[in-house]
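Engineer:
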Amino acid sequence: MIHDQADYAREDGVHEPLLSEKGETTVDVRESSPLPDDLTRESLTLPAPAEPAIARHYTRLSQMNWAIDSGPYPLGSCTMKYNPKFTEDVAADPNAAIHPDRSTRSEQGNLELQYRLQEYLGRIGGMDAVTLQPPAGAAGEFTGIAVAKAYHDHNGNDRSEVVIPASAHGTNFATAALAGYDVVELPSGDDGRVDVEALEAAVGDDTAALMLTNPNTVGLFERDIADIADIVHDAGGLLYYDGANLNALLGRGRPGDMGFDVMHYNVHKTFATPHGGGGPGAGPVGVVDELTEFLPAPRVREAEEGSGYERFEPEHTIGKVHGFTGNWLVLVKTYAYVARLGDAGLADAAAKAVLNANYLAERIDLDVPYGPFHHEFAATAGDRDAADVAKRMLDFGVHPPTTKWPEMVPEAMLTEPTEIEGQSSLDDLAEAFNLAYADTDEALDAAPNRTAASRIDQVDAARNPRLSWQALDES
Amino acid sequence: MSGVDGTPYAPHTDAETAAMLAELGVDDEEALFDIPDAVAFDGEFGIEPRSEREIREECSRIFARNDDLVEFLGRGHYGHYVPSVVDHLADRAEFLTSYTQYQPEVSQGFLQALFEYQSMLVELTGLPVANCSMYDAATALGEAATLADRVRSTTGDTVLVPEQLREGKRAVLENYCAGAGLTIEPYPMADGNADVDALADRAGDDVVMVYAENPTVRGCIEERLAAIGEVAADADALFTLGSDPVSLAVLQEPASVGADVVVGEAGALGLPTAYGMGLGLFACSDAFLRQVPGRLVGAAEDASGDRAFTLTLQTREQHIRKERATSNICTNQAWVALRAAIHAATLGPDGLVDLANDCVTEAAALAARLDAIDGAVAPVHDRHHVREFVVHVDQPAAAIASDLESEGFAVHTVDEHLLQVCVTDLNAGQTDGFVAAFEEVI
Chain W
7 MIHDQADYAR
17 EDGVHEPLLS
27 EKGETTVDVR
37 ESSPLPDDLT
47 RESLTLPAPA
57 EPAIARHYTR
67 LSQMNWAIDS
77 GPYPLGSCTM
87 KYNPKFTEDV
97 AADPNAAIHP
107 DRSTRSEQGN
117 LELQYRLQEY
127 LGRIGGMDAV
137 TLQPPAGAAG
147 EFTGIAVAKA
157 YHDHNGNDRS
167 EVVIPASAHG
177 TNFATAALAG
187 YDVVELPSGD
197 DGRVDVEALE
207 AAVGDDTAAL
217 MLTNPNTVGL
227 FERDIADIAD
237 IVHDAGGLLY
247 YDGANLNALL
257 GRGRPGDMGF
267 DVMHYNVHKT
277 FATPHGGGGP
287 GAGPVGVVDE
297 LTEFLPAPRV
307 REAEEGSGYE
317 RFEPEHTIGK
327 VHGFTGNWLV
337 LVKTYAYVAR
347 LGDAGLADAA
357 AKAVLNANYL
367 AERIDLDVPY
377 GPFHHEFAAT
387 AGDRDAADVA
397 KRMLDFGVHP
407 PTTKWPEMVP
417 EAMLTEPTEI
427 EGQSSLDDLA
437 EAFNLAYADT
447 DEALDAAPNR
457 TAASRIDQVD
467 AARNPRLSWQ
477 ALDES
Chain D
5 MSGVDGTPYA
15 PHTDAETAAM
25 LAELGVDDEE
35 ALFDIPDAVA
45 FDGEFGIEPR
55 SEREIREECS
65 RIFARNDDLV
75 EFLGRGHYGH
85 YVPSVVDHLA
95 DRAEFLTSYT
105 QYQPEVSQGF
115 LQALFEYQSM
125 LVELTGLPVA
135 NCSMYDAATA
145 LGEAATLADR
155 VRSTTGDTVL
165 VPEQLREGKR
175 AVLENYCAGA
185 GLTIEPYPMA
195 DGNADVDALA
205 DRAGDDVVMV
215 YAENPTVRGC
225 IEERLAAIGE
235 VAADADALFT
245 LGSDPVSLAV
255 LQEPASVGAD
265 VVVGEAGALG
275 LPTAYGMGLG
285 LFACSDAFLR
295 QVPGRLVGAA
305 EDASGDRAFT
315 LTLQTREQHI
325 RKERATSNIC
335 TNQAWVALRA
345 AIHAATLGPD
355 GLVDLANDCV
365 TEAAALAARL
375 DAIDGAVAPV
385 HDRHHVREFV
395 VHVDQPAAAI
405 ASDLESEGFA
415 VHTVDEHLLQ
425 VCVTDLNAGQ
435 TDGFVAAFEE
445 VI
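Residue numbers (the numbering used here), protein chains in the order written: chain W, 7 to 481; chain D, 5 to 446.
Laid out in structure tokens, this is it:
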């Protein structure tokens with residue numbers, strides 16, 4: 007398949023003019039302001055296009071943007087699923103658009119939806135309690151590690167380290183550091199999984215937690231998870247589950263049953279809320295009984311005597327991780343998606359996601375060094391540059407996979423088609439892989455050729471940062 | 005067949021599934037799972053699948069349980085009218101269903117939109133660097149504190165914040181500060197503004213950051229911002245200023261009063277009232293370019309020599325720098341930033357300034373009307389206000405708030421005898437009823 011992306015190009019090397027280039031207006035603020043001059047700015051200069059021009063501008067920009075509704079978007083560990091349209095309508099209910107500082111009795115509807123979603127997520131993850139407050143996966147990690155720290159502190163255990171496998175998401179390392187922990191990086195075993203002996207050597211009295219993704223970032227299930235949990239628990243540490251790959255487990259395995267004490271859910275991955283070009287997401291956190299009193303405040307529970315729902319503060323709460331209740335609109339969409347699929351649909355999503363990954367891997371000419379994998383696999387581009395192969399794939403009507411990560415696979419192409427691609431779509435994807443992989447060095451260097459922009463010089467962009475239209479005017 | 009006993013969002017026919025399984029040489033999908041029996045789950049979630057229509061009806065019933073109130077609520081989460089064009093353009097699937105722009109050549113549209121968002125914040129703050137979003141105002145403030153810790157690491161570990169600060173914001177800041185070993189200390193306020201003399205007395209070598217808000221959590225405009233900036237500068241501390249893009253349209257430009265960092269709730273534009281969901285504004289001076297948290301979009305050139313855009317300076321970020329990253333943030337609020345930018349473009353500078361001016365005059369007008377009621381004093385603080393102000397009531401404030409709610413109006417209770425009232429373009433048309441109810445219950 008060939009894909010020519012829409013492009014608007016002018017002779018002066020500009021694709022679509024910036025809003026500022028379509029005409030700016032300067033307003034004399036002090037002329038109109040009811041405030042004394044010393045409390046105001048002098049003037050404000052911003053674009054002032056008429057609505058038709060705005061509609062055209064953003065429509066053109068949208069046409070220069072790939073999305074899951076455009077075609078396959080198999081970024082590994084990103085779980086780019088189709089985002090059901092009706093969930094947008096559910097979230098747009100005007101009755102739900104209320105202020106978070108309302109009295110409890112006047113916000114019963116929003117409390118009820120939160121309560122229901124907490125219950126659903128608890129069951130799906132095998133967790134005893136859930137907070138919906140973290141506004142993204144990384145915020146969920148931060149919440150979970152802060153909860154773990156509060157738990158250890160409460161028990162008089164001063165622990166300074168978080169153990170993280172080398173193959174983990176970068177957020178795990180950054181989260182541990184943000185929470186004030188030293189990071190102990192665990193090298194991967196030869197089979198791509200956690201090396202149990204290395205783990206035994208790494209954990210000890212200083213271990214606050216092990217952060218683990220399962221299936222891991224090359225799609226492998228940590229078969230020794232029961233032993234891993236014992237090792238960490240015997241050392242007095244907690245087991246943290248990174249929910250990025252939960253889509254593979256739905257209905258077949260629950261972090262709570264595997265010995266995990268705390269986890270986050272990436273609802274914008276597993277539960278199909280739209281990524282919106284980078285966010286918003288939501289990263290609810292689930293915990294086992296021992297940790298519930300440390301969760302962020304407030305939590306939502308059923309009130310006594312069937313009088314609806316109420317907020318309450320856990321006894322040893324870590325406080326707050328978001329100014330209010332988190333990314334509300336995203337949470338509503340999550341509820342709608344989970345309700346739509348139910349038990350059978352969630353299990354089927356995992357089954358089809360794993361089937362699709364395995365089928366696609368079977369159809370591509372690249373080697374996949376580690377298996378058996380589940381919902382994603384890390385192919386290797388071998389002696390080709392994975393980033394170049396990816397750029398060439400852009401010409402064939404697909405988005406390429408995540409490249410050059412995880413590092414345990416040389417020239418990795420981490421691929422996660424998700425359950426939403428059918429057989430013919432997977433065949434197209436495989437063809438894109440194979441054409442790009444087999445193409446000449448010259449073709450790879452020159453790619454992409456059919457996108458709105460040709461190959462972008464990222465090194466120069468970083469060396470010479472121009473981060474606003476004001477900076478462009480100066481240069 | 006999918007949709008009956010499976011997910012409706014997988015397109016496989018039974019025949020296709022069978023063909024794919026055959027190609028893999030297995031009988032069913034279960035054979036592809038490598039989960040040991042000891043940890044496998046064979047129970048049920050007990051979640052009954054429902055149709056689209058059933059879920060819409062169900063959620064509609066649930067949300068109808070929220071009372072129908074006219075809200076005079078603010079304190080960090082503001083509703084302004086969001087024009088229809090914002091929804092229609094931002095909801096285009098090419099924006100809404102896209103991922104982070106890791107392949108910039110095929111993602112120019114969103115990158116340019118974020119570049120434009122950053123540029124609008126540069127104009128509003130006067131600071132040259134704005135990132136393309138944090139989660140909300142509270143987490144942006146937390147990130148500012150860790151930035152201060154990185155760039156002012158010489159001696160201190162104290163973050164000075166106004167004693168009047170939204171509690172939730174302070175609670176979030178505490179969690180960010182805990183990991184960095186920072187301590188939060190409140191400085192006193194004098195009649196709704198920072199007590200600059202007390203702040204100057206307190207500032208010293210141990211202070212890494214001074215935080216102030218304009219407007220404050222009680223809606224007061226800070227009258228001595230430049231003096232606060234000088235106190236911070238003299239202590240070699242970072243001056244972080246909290247605001248929002250509507251207020252910034254008319255208030256003093258942060259750069260002009262010495263702000264090093266501006267944080268705040270940019271969701272005042274683009275987001276309707278959304279139960280506290282936000283858009284974290286983060287801007288700073290050039291000096292901290294390589295210490296900024298979050299994603300930055302920069303201009304670039306493509307191989308044809310055309311102007312293009314790309315995520316840049318990514319070596320600050322967690323996916324490259326891991327535990328040495330400037331933040332752990334990955335997923336942000338990009339789509340909300342897109343909405344804010346479209347909203348700002350729709351208003352233009354005239355509309356934005358008008359909106360901000362109305363927030364000043366409507367607040368003053370409503371305060372004057374409440375002040376005329378026996379048993380109420382408004383505004384309590386002798387300052388200019390944006391959107392909101394504090395009212396002193398002789399009776400217990402909570403009882404008044406509760407009575408007002410029975411009359412169909414929601415306000416904040418901030419202290420035993422203090423209420424807070426917020427008026428924007430959304431509820432300005434209902435102030436007559438509100439004033440009448442206020443008079444009634446008092």
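All C-beta atoms in this analysis are idealised placements derived from N, C-alpha and C, irrespective of residue type, glycine included.
Look at the alpha carbon of G7 of chain D and the alpha carbon of E147 of chain W, and state the distance between them as a whole number of angstroms.
Structural biologist: No answer about G7 of chain D holds up, because its pLDDT of 42 lies below 50 and its placement is not dependable.
Engineer: From the DSSP secondary-structure annotation, give me the bridge partner or partners of S247 of chain D.
Structural biologist: D:G268
Engineer: Does the beta carbon of I237 of chain W sit closer than 8 Å to a beta carbon anywhere in chain D?
Structural biologist: no
Engineer: Using the beta-carbon count (16 or more within 10 Å), is I60 of chain W buried or exposed?
Structural biologist: buried
Engineer: In chain order, what residues of the same chain have a beta carbon less than 6 Å from the beta carbon of V224 of chain W, not counting five sequence neighbours either side?
Structural biologist: G198, Y376 and A384
Engineer: So, is E269 of chain D buried or exposed, given that buried needs 16 or more other C-beta atoms within 10 angstroms?
Structural biologist: buried
Engineer: Restricting to Cα atoms, I'd like to know which of D:P40, D:I333 and D:Y106 is closest to L81 of chain W.
Structural biologist: That would be D:Y106, whose Cα lies nearest to the Cα of L81 of chain W.
Engineer: Any C-beta of chain D sitting closer than 8 Å to the C-beta of M86 of chain W?
Structural biologist: yes
Engineer: Alpha carbons only, please: which of D:P400, D:F442, D:V395 and D:Q399 is nearest the one belonging to L408 of chain D?
Structural biologist: The shortest Cα separation from L408 of chain D among D:P400, D:F442, D:V395 and D:Q399 belongs to D:F442.
Engineer: Taking C-beta pairs closer than 7 Å, name the residues in chain W that I66 of chain D reaches, listed in chain order.
Structural biologist: G115, E118 and L119
Engineer: Report the partner residues of H416 of chain D according to the DSSP bridge assignment.
Structural biologist: D:Q424
Engineer: Run through DSSP, which three-state label would C136 of chain D get?
Structural biologist: The answer is coil: DSSP assigns C136 of chain D none of H, G, I, E or B.
Engineer: Whose Cβ in chain D lies nearer than 8 Å to the Cβ of M269 of chain W?
Structural biologist: Within 8 Å Cβ-Cβ: nothing; M269 of chain W doesn't reach chain D, min ~14 Å.
Engineer: Is the distance from the Cβ of Y247 of chain W to the Cβ of F266 of chain W below 8 Å?
Structural biologist: yes
Engineer: Can you tell me which of the three DSSP states D373 of chain W falls into?
Structural biologist: strand
Engineer: Would you list the one or two residues that DSSP bridges to R305 of chain W?
Structural biologist: W:F318
Engineer: Would M414 of chain W pass as an interface residue toward chain D - the criterion being a Cβ-Cβ separation below 8 Å?
Structural biologist: no
Engineer: So that I know if they touch, is there some Cβ in chain W lying closer than 8 Å to that of V383 of chain D?
Structural biologist: Note on residue identity: the sequence assigns Pro, not Val, to residue 383 of chain D. So, not an interface residue.
Engineer: Given D152 of chain W, which residues of its chain have a CB within under 7 Å of its CB, disregarding the five upstream and five downstream residues?
Structural biologist: Note on residue identity: the sequence assigns Ala, not Asp, to residue 152 of chain W. Here the set comprises A185 and I324.
Engineer: Run through the region 322-409 of chain D for me and flag every whole alpha helix (DSSP H) of 4 or more residues, listed as ranges in chain order.
Structural biologist: Inside the region 322-409 of chain D, DSSP marks whole alpha helix (DSSP H) runs of 4 or more residues at positions 322-325 and 338-375, from first to last along the chain.
Engineer: From this set, D:I333, D:D362 and D:H389, which residue's C-alpha is nearest P286 of chain W's C-alpha?
Structural biologist: Of D:I333, D:D362 and D:H389, the smallest CA-CA separation from P286 of chain W is found for D:I333.
Engineer: Can you confirm whether H322 of chain W, when its beta carbon is compared against all beta carbons of chain D, has any partner nearer than 8 Å?
Structural biologist: no
Engineer: Could you run through the region 181-210 of chain D and flag, in chain order, every residue whose CB is less than 9 Å away from some CB of chain W?
Structural biologist: A182, G183, A184 and G185
Engineer: For the region 80-93 of chain D and the region 118-133 of chain W, state whether three or more C-beta atom pairs, one from each stretch, are separated by less than 8 Å.
Structural biologist: no
Engineer: For T159 of chain D, does the count of other Cβ atoms within 10 angstroms reach 16, so buried, or fall short, so exposed?
Structural biologist: exposed
Engineer: Quick check: is the beta carbon of F277 of chain W nearer than 8 Å to any beta carbon in chain D?
Structural biologist: no
Engineer: Using a beta-carbon distance cut-off of less than 8 Å, what residues from the region 442-469 of chain W approach chain D?
Structural biologist: A452, P454, T457, A458, A459, S460, R461, I462, D463, Q464, D466, A467 and A468
Engineer: The alpha helix (DSSP H) spanning D295 of chain W covers which residue range?
Structural biologist: That residue, D295 of chain W, is in no alpha helix (DSSP H); it is neither H nor E in DSSP.
Engineer: Quick one: is E58 of chain D buried, meaning 16 or more other Cβ sit within 10 Å of its Cβ, or exposed?
Structural biologist: exposed
Engineer: Please classify R129 of chain W as buried or exposed, where buried requires at least 16 neighbouring CB atoms within 10 angstroms.
Structural biologist: buried
Engineer: Give the range of the alpha helix (DSSP H) segment to which E164 of chain D is assigned.
Structural biologist: Residue 164 of chain D is actually Leu in this sequence, not Glu. Note, L164 of chain D: premise wrong, no alpha helix (DSSP H); beta strand (DSSP E) at T162 to P166.
Engineer: List, in order along the chain, the chain W residues whose C-beta lies closer than 7 Å to that of V89 of chain D?
Structural biologist: E57, I60 and A61
Engineer: Could you compute how far the alpha carbon of T213 of chain W sits from the alpha carbon of G162 of chain W?
Structural biologist: 14 Å
Engineer: Listed in chain order, which residues of the region 246-280 of chain D have Cβ atoms closer than 7 Å to some Cβ of chain W?
Structural biologist: A253, V254, L255, Q256, E257, P276, T277, A278, Y279 and G280
Engineer: Using the rule of at least 16 other Cβ atoms within 10 Å of the residue's Cβ for burial, across every protein chain shown, is M5 of chain D buried or exposed?
Structural biologist: With a pLDDT of only 37 at M5 of chain D, under 50, the local geometry of the prediction cannot be trusted, and no value is derived from it.
Engineer: With DSSP run on the structure shown, which of helix, strand or coil describes G47 of chain D?
Structural biologist: coil
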